[in-house]
Each structure stands twice: as structure tokens, then as C-alpha cells.
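Since the structure comes first, as C-alpha cells, the remarks are kept for the end.
In the working numbering, the protein residues as written are 129 to 655.
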């Protein structure tokens, strides 16, 4: 019945050969889990509706581009085919034709790719690709429901302590398709109403011309900063600025939204509360209070206790002189060192052994989530600041450098190259997610200082709270640090820790073993 409503509103018919309605099938859980569940786009395409789409759009290249995307997504998600089978065909075709990007392929090349994709489906499943749109829809809905219990979704819920009473399953949303890959006046993007890395009150995001949404979030192509849209599509950018204010006024929260531009018209696809690092949460909380968007009480509750740990992000010691071997995009702040590992499974194993890891990938996929948990930081050669790697790393408070285009990874030889520099798997590297820089070796880091907006937010908390804060400190240095961080005193001091210092421990032993009071007093005096 609801499909009929969509048909009436769009004046298109699902499965019709002359005027086909295409839909996307998306997940929708109670709590946002970026990239952890599945989405299928362009559903409803088959050999019959392809002809109708070509006639309706007068664009054969666009139609076959949409079809090859649908076959790959449906094959991977609904039919369980290894995505590499499709990627190999696409990459081989691009290499053969000298194409750098997918957008360089013409209609003839895309048509050949579609035929090869269909052959893969038949070879892998033993059956032809389903032509009936209703069967496609049924299988897609089942697949999106299944993705709730997929490994990456389960791992994500476990890591972020999302319990069944918070979110116990997902809805499946069936939406009308709009297309960002219909030419130079079309595009797609992801944006935040404030910078998720700093909290600055400005549109922050990325977009691609002539692309679909998966291209941006999956990091398949490195997108443009959204500020460039002011020159390319000024009217659309102005509209986004207005929508930004409407979203924040309604949700009273920083929003992370996806949009598509189809032949110059802007469509908003979805919005959710934005994942930000702690620094951004603090700044946005203070500024949203000052802008009368939220109360001080709400500002305080936006900052979780574990977020405060993120504010203690280390940075590379400014007194240590080192030269970066590469520069990418500063996707998630902080500095981290670890062994360069090129595979998520290997990263998990190395991390379990207590070793520090930097996960190094061309682009990360939701399936790599277990590798994120085991890593100190993430480095990718493709993707932007709103790619899967960047969004998840920020949510975890882990440093990330994305879009480091000089980085080349040979997963078979287990080696990465940056210009003339070779990095073997297992060698130490350091990344600076604040500046987007990559260094060889393990660089020294320094702790941050508590100041500015955080002090202001904590003072608001002081006025509201009803309990006192005392530190657990065992040495004079720890006590001084606790006071510096805002503790009002020492609640527990285990003095034996001070006796364990290298210069004191022998004296303590002598004191315990002393045979007379005089000798014992002598050693106590030395302490």
C-alpha cells in the first residue's frame, strides 16, 4: 500500500518499463551507527526498466552507471558475493581504458561492466540476477534486517555499550531514489552543521559532482570541501546554509546530514546527531548556550565522562624536530604511534598481543570496524573528512589521517610506499590527526592543557553538581597534576607507592630488616 503512495506522489510506477520508480532500501535504528548496517540503492532496475530510464533521462551513461552500482550493492549485501569480484572487473576496465575515475568511463564501457557483473552473480550463486523488482525488494529488505546482527554492527554496539533497551533492532526505510550522478549539475554530499573536529559554527563537509552518496562515505573518490560549492553551486550552498540553521533550531543538537543534488535541485536524504570528538563537543556546547539554542544543563549533559578522556589527546612534542613524509586530511585530532598494519584482521591480532597499531588502508569499510577497535590511529590513502574512517575515528576519539593520496599500499608484498619511502608492515609510524601529517618512527608526545571553553563548561558543572571531586594520587607529581586538572583535593593516597621509588626501595628494606630502634630511626631519617 505504501509503495502505491510513493508511486502516486512521484507519478512513476515500480517495475514499469516506460516510467520506472526506483527506490533505496535503508536501515533506521533507534541510535545512529554510521556505516554499520546496509543500504541498497537504485533498486528496481532490470533489463526492461533500463530502457525506460534511458528514455526518461535521455542519458544512457547515467542509466548504466546506476545499474552497475545496483548489481554490485545487491550482489554484495543481498546475495553475499565478495565485493572484490566486482571491484576487480571495474579496476581492470579502468586500467584497460586509461580511466582514472569511474566518471571517466563512457556508456559503452559501463554496459560491458554490467554484463560482466551479471556473469559474476550467476557464477557465484548458480542463478541469474533477479529481474522481478518485487523479488529484489523482498530480498533487499531481508538483507537490511539481517545486517543488524552482522559482525560489524554487533562489534560496534559492544564497543559503544549500546544495550537492547537502548536500541533493539532496526527499521527498514524504502525511499524514492534521487540521483546525484546525472551530470555536471548533479552531485552528492555529507555535511555537519558544525565542524566535528573543532566545534566551529560553520558548514563542514564534502561533496562530489556527478556521484552517488556511497562514493563520499566509502571514500571511493576523494571529495571536495563543501566551501568550494560556493563557487560551483552558489544557490545550493546558500540553501544548505539556511537548512543548517533550521536543523539545529529543531533538534537542538549538531546534525550530520546527507544530501543529493539532482539536476540543480537539492534533496535532503537523512539527518542524525553528529558524532564529534570531545574538543568539538565542548566548544559547540558553550557556543550553543551563548546562541540561546540550549541550556547550560543540556550543555553539560552533552559531554560524557569518557569524552573528557579524549580531551587529554596527546600531541607531538613541539620541541622534537621531525619532517613529515606525507600530508593528508586532518580527519580526527590527536597524535598516535604504532606498527603499520595493512589488514583489519591482522590489526586485531597484533592489538590483542598488547602492541600498538596504526591501521593503514586505501579506504576503510564498515567491515574493518574490529581493526579500528584494536588500533591507536587510522591512516587512509583515499576518502575525505566525512568518509567512514573519519566519522568512526572521531566517534572513538582516535587520531585519523585520511585522503593521503601519496600513499600506495601493496597488500600482497605487505609494504606501503610514500614517494621514494618504503614502509614495511610492522614498522613504526606516527600520525598527527590534527595536522594531517605522517611521520616515520615513534615520535615523542606531550599532554594537553585544560583551558578555554572546557574551563567554562566545568565551572557551569561546579555550580550545578551536588558532590565533590577528590583525586586518587600516590605521588607528589600525581597530586600536582590532579590539582591542575581541577580536583579539589586528594581523596586517597597510598603512601607505599612513594616508598617504591628506585632510590627509596633499598632504604625501606633496610628499615624493615633493622634489628634495633636506633638503626630503624636512622633509615627513616634517610627516607
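Glycine is no exception: its CB is placed at the ideal position from the N, C-alpha and C atoms.
Kindly give me the distance between the Cβ atoms of residue i and residue j, rounded to whole angstroms, as I take these residues to be in contact under 8 angstroms.
i           : j           : result
residue 453 : residue 467 : So it is not a contact: roughly 16 angstroms between Cβ atoms.
residue 487 : residue 469 : 6 angstroms
residue 599 : residue 610 : 3 angstroms
residue 569 : residue 527 : Not a contact, Cβ separation roughly 16 angstroms.
residue 421 : residue 368 : Actually they are not in contact, since the Cβ atoms of residue 421 and residue 368 sit about 19 angstroms apart, beyond 8 angstroms.
residue 566 : residue 532 : 6 angstroms
residue 306 : residue 388 : 5 angstroms
residue 464 : residue 559 : 6 angstroms
residue 269 : residue 244 : Actually they do not touch by this definition, with Cβ atoms about 27 angstroms apart.
residue 472 : residue 498 : 6 angstroms
residue 576 : residue 443 : 7 angstroms
residue 635 : residue 647 : Not confirmed; about 12 angstroms, so no contact.
For residue i and residue j, I'd like the C-alpha separation in whole angstroms.
i           : j           : result
residue 525 : residue 439 : 9 angstroms
residue 257 : residue 205 : 13 angstroms
residue 407 : residue 441 : 10 angstroms
residue 562 : residue 505 : 12 angstroms
residue 617 : residue 481 : 37 angstroms
residue 143 : residue 260 : 8 angstroms
residue 519 : residue 427 : 22 angstroms
residue 280 : residue 638 : 56 angstroms
residue 225 : residue 489 : 26 angstroms
residue 141 : residue 183 : 15 angstroms
residue 403 : residue 434 : 14 angstroms
residue 516 : residue 397 : 17 angstroms
residue 70  : residue 159 : Here the chain has residues from 129 to 655 only, and residue 70 is not among them.
residue 584 : residue 424 : 11 angstroms
residue 379 : residue 161 : 18 angstroms
residue 250 : residue 371 : 45 angstroms
residue 436 : residue 210 : 40 angstroms
residue 322 : residue 233 : 36 angstroms
residue 364 : residue 393 : 8 angstroms
residue 308 : residue 483 : 43 angstroms
residue 186 : residue 399 : 32 angstroms
residue 230 : residue 338 : 10 angstroms
For residue i versus residue j, is the C-beta spacing smaller than 8 angstroms?
i           : j           : result
residue 476 : residue 502 : yes
residue 412 : residue 374 : no
residue 104 : residue 620 : This structure cannot speak to residue 104, because the chain is shown only from 129 to 655.
residue 317 : residue 333 : yes
residue 166 : residue 272 : yes
residue 534 : residue 542 : no
residue 284 : residue 239 : no
residue 335 : residue 359 : no
residue 340 : residue 169 : yes
residue 207 : residue 177 : no
residue 298 : residue 523 : no
residue 325 : residue 401 : no
residue 173 : residue 151 : no
residue 445 : residue 545 : no
residue 582 : residue 302 : no
residue 564 : residue 417 : no
residue 153 : residue 300 : yes
residue 200 : residue 214 : yes
residue 310 : residue 391 : yes
residue 551 : residue 509 : no
residue 149 : residue 138 : yes
residue 512 : residue 304 : no
What is the DSSP secondary structure of residue i, reduced to helix, strand or coil?
i           : result
residue 310 : coil
residue 426 : helix
residue 600 : strand
residue 331 : coil
residue 612 : helix
residue 591 : helix
residue 634 : helix
residue 462 : coil
residue 202 : helix
residue 136 : helix
residue 304 : strand
residue 627 : helix
residue 207 : coil
residue 325 : coil
residue 107 : The structure shown does not extend to residue 107, since the chain spans only 129 to 655, so no value can be given for it.
residue 148 : strand
residue 162 : coil
residue 653 : helix
residue 183 : helix
(request) Within the region 233–302, note down every full alpha helix (DSSP H) run reaching 4 residues or more, in order along the chain. (result) 235–253, 261–274, 279–287
(request) Please go through the region 528–575 and give each complete beta strand (DSSP E) segment of 3 or more residues, from N-terminal end onward. (result) 528–530, 535–538, 543–546, 549–552, 556–560, 565–568
(request) Quick one: which unbroken beta strand (DSSP E) runs of 3-plus residues sit fully inside the region 356–395? Chain order, please. (result) 383–390
(request) Report the residue ranges of all alpha helix (DSSP H) runs contained in full by the region 430–456; include only those spanning at least 4 residues, in chain order. (result) 433–438
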